[in-house]
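Visitor:
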Amino acid sequence: VLNRSQLHCGTSLAEVMTGAANGSNGDSELPFGIRLIEDRKISLETRASLYLRPKIDLSLAKSRVEPIIKEVRARKNKAVAEYAKQFDRATLSPEDLVIDVASTPWPKVDPKVAAALDTAYDNVRRFHEAQKKKQPLRVETMPGVECRRMAVPIEAVGLYVPGGTAVLPSTAYMLATPAKLAGCKEIVLATPPREDGSVVPEVVYAAKRAGATKILKAGGAQAIAALAFGTETCPKVHKITGPGNQYVTAAKMMLQANEEASVSIDMPAGPSEQLCIFDMTSDAAFVVADLLSQAEHGPDSQVVGVLVASPGVDFRSYVGKLRVEFEEQTSKLNRAEITKQALSKSFVIVVETLEAALSFSNSYGPEHLCIQTANPEAYLEGVVNAGSVFVGPYAPESCGDYASGTNHCLPTSGYARQYGGVSTDTYLKYITVQKLTPAGLKRVGPCVETIADVEELEAHRNAVTIRLKKIGRELSLFDKLGAMCTFCSS
């Protein structure tokens, strides 16, 4: 998940890195505390420990979020407005919390910025529109038994766009575009207000461009609660998507388990991360630039380099190039100190083969996977666990964050093993349909009766039996011939 807000982490990551020290270089060939680890020198246990992320301790966050949820549930807009004053220092009346996007004038945005947002939106729209299913699934499982699956949009969805000190119009169009394409009727975008009570104009521009219907001027747990329960002016939604800090994450998880809220979420969120596979032919400047693009998100971000160097090859000279690039590029960043904190928890591991690189990457399951090797397509074929993959030296990860067309809301913390990123499907639900003819019921009914008997569910069996008594159990000659013709034509 693109998460520029910090998540609280109480973790033993330092212990993990210390555990890998037996296979690391003692004289610190890489700066800012980045570990250099040789895969061949570490145990399998130590290697497995490198797959671990910082543990996200949400217990404290949940204890603080719970009363906020209760207040919003009970006092709705009034509570949300009070929290806007408390947390965002914005004075808003309860009636001014929600903006109707359609009736809101286009905000004044720098023409260059507007053109860039338009291009990014167009690319995201093209890619996500191509994901739409053209025809409903329809299968005749046996003569007279037809099964279908219909894709239906979730009627009302909530999109969380973090704010605070950051300006994140990209998250607005990354979430709203597939929701609009899916056909969601109500698309409520929640984002923290500025101190003057307004919303960042670039976010409003992106929201209008991508098709959001309303903007809720609220952040944090109070925004998630307002979306989940609804208020006097904020519609209740059925699914909430988007990244956030530990309080947003805690609220999403708690409300997903709340029967009264009856809301689902997209995926677990965590600190942003990247793994980059590269070899001795890779441009060290490109490799480091990609790693830094994620390290700058926050002190809890993680970046991992996997250097493929054949046995006997002296990789130290290449590591020296990495060191120079880390030092020079980091010194020029406006978020250099934050970046250095993330790098202090990061490492480069040297492996000997393509297979070893893929094994490590798939076990780690990164949010972003960059492949900058001599033959990146050879690696792509073996990728099993990753949120999004960036192939070749001219596919910087930041293009996926903003404008290539793929979505930047991705699973973190190893959840790429079982989750995919936000897509058009995120905002759809699938309804199955079955239609049986009398002949179809005669064919499948006896199987149903038998299984119902095994499970001792008499009413299930009777629902079939009562019909078969009326229409008879034997297939007519016409039905048998029709089935044969169908079989032959297939």
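Per this note's numbering, the very first residue in the sequence shown carries number 56; after that it's consecutive. Don't be surprised by glycine CBs; every beta carbon is placed ideally from N, CA and C.
(1) DSSP beta-bridge partners for H423?
(2) According to the neighbour-count rule (16 or more other Cβ atoms, all chains shown, within 10 Å of its Cβ), is C502 buried or exposed?
(3) Less than 9 Å separating the beta-carbons of V477 and R90?
(4) Take the Cβ of R128 as the centre, count every other Cβ of all protein chains shown within 10 Å, and call the residue buried at 16 or more, exposed below.
(5) Would you identify the three-state DSSP class for D334, choosing helix, strand or coil?
(6) In angstroms, rounded to a whole number, what distance separates the CA positions of D534 and K490?
(7) Please check the pair V379 and G360, which I expect to be a contact at CB under 8 Å, by giving their CB distance rounded to whole angstroms.
(8) What alpha helix (DSSP H) runs, 4 residues minimum, are completely inside the region 305-376?
(9) Per DSSP, what are the beta-bridge partners of C202 in this structure?
(10) Between P191 and G500, what straight-line distance do the alpha-carbon atoms span, to the nearest angstrom?
(11) Alpha carbon to alpha carbon, how far is Y260 from G420?
(12) Per DSSP, which residues does G475 bridge with? Please list them.
(13) Can you give me the C-alpha to C-alpha distance between T208 and R498, rounded to a whole angstrom?
(14) Which word fits I242, buried or exposed, when buried means at least 16 other C-beta atoms lie within 10 angstroms of its C-beta?
(15) Quick check: the Cα distance between I92 and A411, rounded to an integer number of angstroms?
(16) Report buried or exposed for V194, applying the criterion of at least 16 other Cβ atoms within 10 angstroms of its Cβ.
(17) Is it true that the region 212-232 meets the region 505-524, where meeting means three or more beta-carbon pairs spaced less than 8 Å apart?
(18) Roughly how many angstroms lie between the CA atoms of C202 and T286, to the nearest whole one?
(19) At what residues does the beta strand (DSSP E) containing V254 begin and finish?
(20) Taking N389 as the reference, give the member of L347, S401, R371, G375 with the closest Cα.
(21) Please name the residue or residues paired with D155 in a DSSP beta bridge.
(22) Out of D177, E257, A441, L536, which has the shortest C-alpha to C-alpha gap to P166?
(23) When the Cα of D151 is compared with those of L271, R249, A206, P160, which residue comes out closest?
(24) Is the CB-CB distance between I393 and P354 below 9 Å?
(25) Helix, strand or coil for F142? Go by DSSP, reduced to three states.
(26) Pop quiz: Q301 and E328 are said to be a contact at Cβ under 8 Å. What is the actual Cβ separation, rounded to whole angstroms?
(27) Contact criterion: CB-CB distance below 9 Å. Does F415 meet it with respect to chain C?
(28) Ends of the beta strand (DSSP E) at I92?
(29) Within the continuous alpha helix (DSSP H) that includes Y434, where are the two ends?
(30) My output table needs one value for A458: the three-state DSSP class, helix, strand or coil.
(31) Leaving out the 5 sequence neighbours to the left and right, which residues in its chain are closer than 6 Å to A211 when beta-carbon positions are compared?
(32) Check this for me: beta carbons of T296 and C464, under 9 Å apart or not?
(33) Does at least one heavy atom of the ligand SAH sit under 8 Å from the Cβ of L409?
(34) Helix, strand or coil: how does DSSP classify T286 here?
(35) Measuring alpha carbon to alpha carbon, tell me which residue in G213, L105, T481, L496 is nearest S401.
(36) Does the distance from the CB of A281 to the CB of A231 come in under 9 Å?
Guide: Looking at the atomic coordinates:
(1) Walking along the sequence shown from the start, residue 423 turns up at place 368. H423 pairs with Q329, S443.
(2) As a first step, residue 502 is located in the sequence shown; it is residue number 447 there, counting from the start. C502 is exposed by the Cβ-count criterion.
(3) Translated into the one-based positions of the sequence shown, residue 477 becomes position 422. Translated into the one-based positions of the sequence shown, residue 90 becomes position 35. Contact: no.
(4) For the purposes of this step, residue 128 is identified with residue 73 of the sequence shown, where counting begins at 1. It counts as buried.
(5) On the sequence shown, position 279 is the one that residue 334 refers to. Strand, per DSSP.
(6) The residue you call residue 534 lines up with position 479 of the sequence shown. The residue you call residue 490 lines up with position 435 of the sequence shown. Answer to the nearest angstrom: the Cα atoms are 17 Å apart.
(7) Counting from 1 along the sequence shown, the entry for residue 379 is found at position 324. Counting from 1 along the sequence shown, the entry for residue 360 is found at position 305. Their Cβ separation, rounded to whole angstroms, is 15 Å, which puts V379 and G360 out of contact at 8 Å.
(8) 339-350
(9) For the purposes of this step, residue 202 is taken as the residue at position 147 of the sequence shown. C202 is bridged to V194, Q489.
(10) For the purposes of this step, residue 191 is identified with residue 136 of the sequence shown, where counting begins at 1. For the purposes of this step, residue 500 is identified with residue 445 of the sequence shown, where counting begins at 1. Their backbone Cα atoms lie some 26 Å apart in a straight line.
(11) Translated into positions along the sequence shown, residue 260 becomes position 205. Translated into positions along the sequence shown, residue 420 becomes position 365. Their backbone Cα atoms lie some 34 Å apart in a straight line.
(12) What you label residue 475 is simply residue 420 of the sequence shown in a count that begins at 1. G475 pairs with nothing; no bridge assigned.
(13) What you label residue 208 is simply residue 153 of the sequence shown in a count that begins at 1. What you label residue 498 is simply residue 443 of the sequence shown in a count that begins at 1. Residue identity differs from the one stated: residue 208 is Pro in this sequence, not Thr. The alpha-carbon atoms of P208 and R498 are separated by roughly 34 Å.
(14) Position 187 of the sequence shown, counted from the first residue, corresponds to residue 242. I242 comes out buried.
(15) Taking the first residue of the sequence shown as 1, we reach residue 92 at position 37. Taking the first residue of the sequence shown as 1, we reach residue 411 at position 356. Distance between the alpha carbons of I92 and A411 is about 14 Å.
(16) Taking the first residue of the sequence shown as position 1, residue 194 is located at position 139. Answer is exposed; the Cβ neighbour count stays below 16.
(17) no
(18) On the sequence shown, residue 202 is found 147 positions in, with the first residue counted as 1. On the sequence shown, residue 286 is found 231 positions in, with the first residue counted as 1. Each residue's Cα considered, the two are about 40 Å apart.
(19) Taking the first residue of the sequence shown as 1, we reach residue 254 at position 199. Premise fails: V254 is in no beta strand (DSSP E) and is neither H nor E.
(20) If you number the sequence shown from 1, residue 389 lands on position 334. Ranking L347, S401, R371, G375 by Cα distance to N389 puts L347 first.
(21) On the sequence shown, position 100 is the one that residue 155 refers to. Note: D155 sits in a beta bridge opposite K269.
(22) The count along the sequence shown starts at 1 and reaches residue 166 at position 111. Nearest of D177, E257, A441, L536 to P166, Cα basis: E257.
(23) Indexing the sequence shown from 1 puts residue 151 at position 96. Closest option to D151, Cα to Cα, is L271.
(24) Residue numbering aside, residue 393 sits at position 338 when the sequence shown is read from its first letter. Residue numbering aside, residue 354 sits at position 299 when the sequence shown is read from its first letter. Closer than 9 Å, so yes.
(25) By one-based count along the sequence shown, residue 142 stands at place 87. Helix.
(26) Locating residue 301 in the sequence shown gives position 246, where the first residue counts as 1. Locating residue 328 in the sequence shown gives position 273, where the first residue counts as 1. Actually they are not in contact, since the Cβ atoms of Q301 and E328 sit about 16 Å apart, beyond 8 Å.
(27) No chain C appears in this structure, which consists of one protein chain only.
(28) Looking up residue 92 in the sequence shown gives position 37. Looking at the DSSP string, the run of the beta strand (DSSP E) that includes I92 is 90-93.
(29) Position 379 of the sequence shown, counted from the start, is the residue given in the question as residue 434. Element bounds for Y434: 431-435.
(30) To locate residue 458, count along the sequence shown from 1; it is residue 403. A458: coil per DSSP, three-state reduction.
(31) Translated into the one-based positions of the sequence shown, residue 211 becomes position 156. Closer than 6 Å at the Cβ level, and outside the excluded window around A211, lie E241, P290, V292, H293.
(32) Against the sequence shown, residue 296 aligns to sequence position 241. Against the sequence shown, residue 464 aligns to sequence position 409. Taking 9 Å as the Cβ cut-off, T296 and C464 qualify as a contacting pair.
(33) Only the bare structure without any ligand can be found here, which leaves the ligand SAH out of the picture.
(34) Position 231 of the sequence shown, counted from the start, is the residue given in the question as residue 286. In this structure, T286 counts as coil in the three-state DSSP scheme.
(35) As a working mapping, residue 401 is identified with position 346 in the sequence shown. The shortest Cα separation from S401 among G213, L105, T481, L496 belongs to L105.
(36) The residue you call residue 281 lines up with position 226 of the sequence shown. The residue you call residue 231 lines up with position 176 of the sequence shown. Going by C-beta atoms, A281 is not nearer than 9 Å to A231.
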